[in-house]
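Everything on this sheet refers to the single structure shown next.
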Amino acid sequence: MAAYTQGVRGRVIDQEGNPLSFTTIFIPETGSGSVTNINGTYEIKLSPGTYNLNYQYLGYASTAKKVTVANDWITVDVVLTKQAYTLNAAEIDGGKEDPAYKIMRKAIAKSAFHRQQVEKYTCIVYLKGGGRLVDYPWFMRKTMEEEGIDTAATFVQESVTEVTYERPATYTENVISIRTSGDDQDVSPMNYINGSFYEDKVAGVVSPLSRKAFGYYRFEYISTFVDGNYNINKIKVTPRVDDEEFLSGYLYIVEDLWSIHSVDFMIHPQGINIGIEQNYAPIKPDVWLPISHHFKGDGKLFGFEFEFEYLATVSKYDVEVNPDLDTEFEVLDIKTEQEEIALAEKKEKPRSETEEKLFNGEEVSTKDLRKLMREYAKEERKEQDEPDIVFERKINIDTLAYKQDSLYWKEVRPVPLTESEVKGYALQDSLAAEYAKKAEGDTLSGKKGFKVQDLILGSGYDLGNDHYLNIKNPLLSIRYNTVDGWNGEYGLKYYKRFENKNRLEILPVFRYAVSRGKGFGKVSTGYTYGQGLKQGKVSLSGGAYYSQFNSQEAILPFTNTFTSLLAQNNFMKVYDRDFVEVNWRQNVSTKWKVTASVDYSSRKETYNTTGQVWFPAENKDYTPNRPENIELESTAFGVSDAFKVNLSTTWLPFAYAYKRDDKYYRVDKQPTFTLRYEKAIPGIADATMDYDRLSLEVKYSMTLGLLGDLNLRTEGGTFFTNKRMDFMDYAHFMGNQTIFTRFDQLKGYAIAPYHLYSTNDQYLSTYVNLELRRFVFSQFPTLRLAGLTENINVNHLITPSVDNYTEVSYSLSNIFRLFRIDVTGAFVDGKYEDFRVQVGITSNLFSVD
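Quick note on numbering: the sequence shown equals residues -11 to 837 in this note's numbering.
Here it is in structure tokens:
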């Protein structure tokens, strides 16, 4: 980065002399942007020459200054005046519709064009983030003081990154320098830079330029003002429902180009108030790109009150325009009957004359433009080497990124530090020096060594040459059940990473059951191969262990411990299993994956060996270790052997993926279809089980607009043959007989018995979840913005033995951002069966899943 000893500095104020913090300053000659700090001061280093400085601040008229820089600093102080607005009276008086809708139809129609307009660009992004702890709980005060955390100090992190973008969505970030007191892994907090309001969603928030924007937002035309040679329309954006997924504020649109001039929005995720300001500039003729980003927020969580601010300036743009779209044309407004723009013309065929109009610079309607850009993007994807990769991000960190000194930062920093930020950096530097001093002489600071207490508390070790070993904490595995009594596990995990990024892992586990005076063990060995969307894994496991009759773990051993000892309900039913098993799974593509397994197991029935309970109930005993089932008089089986083959394939027709740092991440966009086949073959060794099972599972999610979201999972299956089966071979359905809620509401039934409805015949199991935006309590904006959500769930089961088992549930979640209450009623053939109120937390920390 060039070092300059000259440039332009100054202060930007309003007519009353108040500083205009974060004023954007754009220099067309360098393709660079800068901003003022909170005091309104700025400093821009420039080589000698003549420059045009454009000063832009929302609500104020933009001002341009022409300066000549020689071999010294020059001072340019700027006074911005309030923006003079005009109203388009002819449009407002001429019709009933607010003119904002005409503007937004054109802007939405052209949003896909703007996404594809730039072929490639490089730029330099300077990011500065600051935060301050305003207040904290009284019981943490001493700890905060001991750690030197001062509410008066602002903690600052900075980074300078060279960003390269290649269409359609490949970002390469070369991190040049970093200065931060945060987690070293968080070296590039730049997801918002890669986001775009031209997309349907930005960081999970519905964009006002989404194809479905009219279904979620109301728009109001405020005024028009002149910025240079452009007329700018100011549009007020109001969500139809106050919700975390929606923005509110103002959107500024460039007339005729229908591109973004600037944004000024508010969002409220998790009850945190965040303001978003972005300023754009014409980097090339008719190509407007962001030159500054400003985020400011505050909130309070669990007694900790905080505020934060992020500022990013973008400079040294080098832009290459997409040659296919380097053209001028006019967008005509064709109003749709309903303001749901997204799905209007899916069944129409593309018209070649539209392309001719576009590239001849003729008039094109909003409808035809949207259709053409969809077809253009679709054809582009087909030509890609990996057409299902919709986003790719690479991060490279310079070897000197963390080693730059204060002189370097003073040179490259485009925004002067304030006094509180200087204090924050001084605190960071002193803490870093103290930590370094403590680390001196510690021979284990680079590589952790073994300690005796690790055998009890667990730990991890880097053995060198990409060999690693983990000892699991055995204290966390202590459980209780009526078959084993108190029991615990001791496990190790060894894994080796290869140069081609393949991975070998070995996981031995030893388990001891106190009441039975017996030890168990198993070993699993896995080899992961291939990269990205073609990754696969083969594993071999075996041993003498235990299993629940429902192999998906109907109830967690941790949960069963407390239901047994506190309420004398031993819901978990288990048997001993000696086994050897081979598994294979393969990602064939983004949309298709397959799995296969072969296992031989010898199953042995087990019995209760202890009756320990902390709070015994009168006239109540533990139930035998035999599940109850309406199709069987007894689930006893003694001893049996089984040889099984399992095959499955999953198809995700609309799945896509993104790539980050050479790692692929699949987005399993709904629906998904999974076909499974299980075959038990008799006559191999001592195997006697003989049956065939086929099932199809479908998962689907869809948005219902302002009503909410609908989620569905259904599975239907049948046993073609069931000549010989024991109860663990049946089709089982996840039940729940505890007072705790199930975290994943589509995973199983809310209050159904664990084993009662299991079957070896035909079945159809369906789970429906409706996430409501506005219902009983969520219709109140204060509660809704506090995160409170409501759900309606309907679950249904059909087997030959139970024609219609139905559950209807109401769920109130995110109470104080943490708790959840479910109320469920169950019915069999339309007749009342059961009712339960369940409690839990919003996360899955203590769920029954």
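A virtual CB, placed ideally from N, CA and C, is assigned to each residue, including glycine.
Partner residues in the beta bridge of D629, as assigned by DSSP, are S590.
CA-CA distance, E187 to T12, rounds to 24 Å.
If only uninterrupted beta strand (DSSP E) runs of at least 3 residues are considered, those enclosed by the region 769 to 798 are 777 to 787. Distance from the CA atom of M722 to the CA atom of I739, rounded to whole angstroms, is 10 Å. Shown here, Y390 sits in coil according to DSSP, grouped into three states, outside any helix or strand.
Proximity of the region 564 to 578 to the region 604 to 618 falls short of the contact definition, fewer than three beta-carbon pairs being nearer than 8 Å.
Here the C-alpha atom of T74 lies approximately 25 Å from the C-alpha atom of P227. A direct Cα-Cα distance of roughly 47 Å separates Q574 from R206. Bounds of any alpha helix (DSSP H) do not take in G476; it lies within the beta strand (DSSP E) bounded by 473 to 485.
Sequence-distant Cβ neighbours of W474 in its own chain, meaning closer than 6 Å and more than five residues away, are Y468, V502.
Where I91 is concerned, the enclosing alpha helix (DSSP H) starts and stops at 87 to 105.
Contact between V113 and T152 does not hold, since their C-beta atoms are separated by about 11 Å, which reaches or exceeds 8 Å.
E154 is bridged by DSSP to K108, T158. Check the Cα spacing between T470 and each of L480, Q556, Y89, R401: the tightest is with Q556. Residues Y456, R491, L492, E493 of the same chain have their beta carbon placed closer than 7 Å to that of Y483, with the five preceding and five following residues left out of the count.
Under the DSSP assignment, L684 falls in the beta strand (DSSP E) whose first and last residues are 678 to 691. Here F253 is not near L277, since their CB atoms are 8 Å or more apart.
For Y204, there is no enclosing beta strand (DSSP E); the enclosing alpha helix (DSSP H) has its first and last residue at 201 to 204. Straight-line measurement puts the Cα of L760 at about 13 Å from the Cα of E233. When rounded, the separation of the alpha-carbon atoms in G531 and F807 is 40 Å. Around E146, the same chain offers K116, R167 as residues with beta carbons nearer than 6 Å, after the five sequence neighbours per side are excluded. Two segments are said to touch when three or more pairs of C-beta atoms, one from each, lie closer than 8 Å; by this definition the region 813 to 827 touches the region 789 to 801. Sequence-distant partners of T637 (beyond 5 residues in either direction) whose C-beta falls short of 6 Å from its own C-beta, in its chain, are V582, L663. Between the alpha carbons of T551 and N558 lies a gap of roughly 7 Å.
Counting the other Cβ atoms within 10 Å of the Cβ of I672 gives fewer than 16, which makes it exposed. Counting along the chain, P227 sits inside no alpha helix (DSSP H); it lies in the beta strand (DSSP E) bounded by residues 218 to 227.
Within the same chain, Q733, N757, S797 come within 6 Å of N781 by CB-CB distance, once the 5 residues on both sides are set aside.
Approximately 55 Å separates the beta-carbon atoms of K382 and T623; this is outside 8 Å, ruling out the contact. With contacts defined as CB atoms closer than 8 Å, G263 and G287 fail to qualify as a contacting pair.
For M254, the secondary structure class from DSSP, reduced to helix, strand or coil, is strand. Per DSSP, the unbroken beta strand (DSSP E) holding A668 starts and ends at 660 to 668. With respect to the 8 Å criterion, E295 and R120 are classified as neighbours on the basis of their beta carbons.
The Cβ atoms of F708 and A668 lie no closer than 8 Å to each other. Judged by DSSP in its simplified three-state form, G520 adopts helix. Under the three-state reduction of DSSP output, K579 falls in the coil class, being neither helix nor strand. Spanning the alpha carbons of I241 and S512 requires a straight line of approximately 59 Å.
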